[in-house]
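Every number in the numbering used here is 456 more than the matching position in the sequence shown, counting from 1. Glycine included, every Cβ here is placed at the ideal spot set by N, Cα and C. A short write-up of the structure that comes next.
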Amino acid sequence: MGVLSLLLTLFVPLLGAIAVLFINKEQSKAIKSTAFVMSIVTFLLSLLLLPNFDSSNPTFQYVVNQLWIPSLDAGFRIGLDGMSLLLVLLTTFIMPIAIASSFSGIKKREKEYYAMLLILQFGMTGVFVALDTFLFYVFWELILIPMFFIIGVWGGKDKIYASIKFFLYTLVGSLLMLVAIIWIGLYAKDPAVYGKFTTDLVAIKGFIGSIPYDIQVWLFLAFAISFCIKVPLFPLHTWLPDAHVQAPTAGSVILAGVLLKMGTYGLIRFNLELFPLVSSHWATPIAWLSVIGIIYGALVAMVQTDVKKLVAYSSVSHLGFVVLGIFSMTVEGIQGAIIQMVNHGLSTPMLFLCVGVIYDRRHTREISEYGGIARVMPIYTVLFAIAMFASVGLPGLNGFVGEYLTLIGAFVSPVYNNTLFAILSATGVIFAAVYLLWMWQRVMFGTNDNPENQNLQDVTKQELWQMIPLVVFIVWIGVYPGTFLKFTEASTRALVGKIEAVNGISPRYNSLPTIQKASHQHKQSDHKSHNGADKHDNAHPSTDSKPHK
457 MGVLSLLLTL FVPLLGAIAV LFINKEQSKA IKSTAFVMSI VTFLLSLLLL
507 PNFDSSNPTF QYVVNQLWIP SLDAGFRIGL DGMSLLLVLL TTFIMPIAIA
557 SSFSGIKKRE KEYYAMLLIL QFGMTGVFVA LDTFLFYVFW ELILIPMFFI
607 IGVWGGKDKI YASIKFFLYT LVGSLLMLVA IIWIGLYAKD PAVYGKFTTD
657 LVAIKGFIGS IPYDIQVWLF LAFAISFCIK VPLFPLHTWL PDAHVQAPTA
707 GSVILAGVLL KMGTYGLIRF NLELFPLVSS HWATPIAWLS VIGIIYGALV
757 AMVQTDVKKL VAYSSVSHLG FVVLGIFSMT VEGIQGAIIQ MVNHGLSTPM
807 LFLCVGVIYD RRHTREISEY GGIARVMPIY TVLFAIAMFA SVGLPGLNGF
857 VGEYLTLIGA FVSPVYNNTL FAILSATGVI FAAVYLLWMW QRVMFGTNDN
907 PENQNLQDVT KQELWQMIPL VVFIVWIGVY PGTFLKFTEA STRALVGKIE
957 AVNGISPRYN SLPTIQKASH QHKQSDHKSH NGADKHDNAH PSTDSKPHK
């Protein structure tokens, strides 16, 4: 059942795109309804992945392995672990919201637009489930096409510039990744290594350690540059503000909600898992870039006069926390990075939806054009406040959980071995409060003396129902993050155990008492044969394995 659900989750959006293309372009309602229904069906199918998923098993589950191109040993190989499961669920959850947000704003070429959204969903899901480097590259490149057209056809006044910039940045990084994939495949042809060219990611993990270290460095950098462009990590971030500002609301929602997570996902799946030794040696330079990105993104956001551009630069800052957590190479840091991917994929899309609401009414995003609209749009003000406080990292909302864990990971990281990273990064939280609260105060409060703001309509039922699901998960993760963190804990521990073993680091038991339940601990002990990281737990017993008082 799990394999079938995974296949349907992947391919139903593609079938939906084909169905949309066969509808007469004059039938606007049928086009919108088909796209929305197919996205809802995909979300429901993705929920069927949960019942049989074993969260204590760090290996890939629901694996499909069908040979595709024999000469390359390239295959249709897909599967899920805890991290990819959460990102697939995030993708299927965001897409119906993005499609619904387009109903009132998109009036031209609707058939092509909704088909592009569904093809984009197909590509993004494929990236998160691919277990073959060639298949991963195909999906990675596929998303370029629909997003290029979504920005370039349905975007703002500088849409062509933004779409070409997005395309070129991503393409250059992708070519570096392709070179690395081909080199690894050729290396595998050596009879002493694997005996044939291969793109099987699981097989590659078995022999990648035999590659000379100097070459591993180049392979690491080829993958890292490609993924850091997509994150985007400072100084490779300049395409993002343009793409966000020029994209239609749904494009910004998908960019912030899912697309940027492809970069951080790749850093874990390829850089950390394939090159753990090189990753530890390059962790400090990447951490410095992350810290610079956190502070730089926040400071630049602080001086923006355009609300959407402010939110765009906030993404540069927030994703710096994710990369910092990833390269801390601790359970806390990586767990925090993964949940922060999800958190950013909820709160920032909601901010873009809120920006879209006032833009649809006033057709301007300049902060100076607003003021005092809380008097006429009280419900909207509350919704904007929830998204804003979640992005700030207010305790009780989702943003706090991810930032808290990543900062802990940075503090205790054996590869950073320097608390300065965490201290400097924490200033990003302060700056986020400054620019978001200042923006919110100038837009929502003060004197409503602009006649064009005095009769603004509050959120409609359609707009409200786009945001309510986001609010539910923003609060849910903030109050009880263990529901989601339990899916990634086993695979995270296994990865950290591998990194510690390769680098000769004494294993440390990274307990997460606030997110673990005793019942889950007992369940883990019943599955120790599945979890490589548990070997370290047996060798170094900890107080966390004792019964709770």
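Look at residue 529 here: in three-state DSSP terms it is coil, with no helix or strand label. Between the alpha carbons of residue 733 and residue 651 lies a gap of roughly 25 Å. As DSSP reads the structure, residue 523 sits in a beta bridge with 531. By the CB criterion at 9 Å, residue 832 and residue 764 fall outside the cutoff. If one requires a minimum length of 4 residues, the alpha helix (DSSP H) runs lying completely within the segment 756-832 are 763-782, 787-818, in chain order.
For residue 923, the enclosing alpha helix (DSSP H) covers residues 917-935. Per DSSP, the continuous alpha helix (DSSP H) segment holding residue 959 begins and ends at 938-959. When DSSP states are grouped into helix, strand and coil, residue 517 belongs to the strand group. With 16 or more neighbouring CB atoms inside 10 Å of its own CB, residue 950 falls in the buried class. Nearest Cα to residue 754 within the set 668, 770, 682: 770.
Cβ atoms of residue 558 and residue 569 come within 8 Å of each other, at about 7 Å. In the displayed model, residue 648 falls within coil according to three-state DSSP, outside both helix and strand. A distance below 6 Å between beta-carbons, with the five flanking residues on each side excluded, links residue 840 to the following residues of its chain, in chain order: 810.
In the DSSP assignment, the residues bridged to residue 656 are 588.
If you check the CB distance, residue 521 and residue 509 do not come in under 9 Å. In the three-state reduction of the DSSP assignment, residue 745 falls in the helix class, which pools H, G and I. Scanning 895, 956, 795 for the CA closest to the CA of residue 541 turns up 795. Contact between the segment 687-706 and the segment 771-790 is present, with at least three C-beta pairs closer than 8 Å. Within the same chain, Cβ atoms closer than 6 Å to the Cβ of residue 817 are found at 912, the five residues on either side in sequence being excluded. Shown here, residue 689 sits in coil according to DSSP, grouped into three states, outside any helix or strand.
Between the alpha carbons of residue 859 and residue 483 lies a distance of about 46 Å. Per the Cβ contact rule, the segment 870-888 is in contact with the segment 737-750 (3 or more Cβ pairs under 8 Å).
The criterion of a C-beta distance shorter than 9 Å is not satisfied by residue 590 and residue 534. Nearest to residue 625 by alpha-carbon distance, out of 820, 600, 459, 612, is 600. Between residue 553 and the set 943, 924, 854, 961, the nearest pair of CA atoms involves 924.
Looking at the backbone, the Cα of residue 960 and that of residue 933 are separated by about 35 Å.
By the neighbour-count definition (other C-beta atoms within 10 Å, threshold 16), residue 631 is an exposed residue. For residue 696, the secondary structure class from DSSP, reduced to helix, strand or coil, is helix.
Note: residue 677 is not bridge-paired with any residue in the DSSP secondary-structure output.
The way I'd put it, the segment 838-858 doesn't touch the segment 713-733; fewer than three beta-carbon pairs between them come closer than 8 Å. The DSSP-derived three-state label of residue 573 is helix. Excluding the 5 residues flanking it on each side, residue 867 has same chain C-beta neighbours closer than 8 Å at 875, 878, in chain order. Residue pairing of residue 536 in beta bridges, as defined by DSSP: 517.
Under a 10 Å Cβ-count criterion, residue 948 is classified as buried, with 16 or more other Cβ atoms of the shown protein chains found around its own Cβ.
Exposed is the label assigned to residue 838, since fewer than 16 other Cβ atoms lie within 10 Å of its Cβ. In the pairwise beta carbon analysis, the segment 492-500 is classified as not touching the segment 593-609: fewer than three pairs are separated by under 8 Å.
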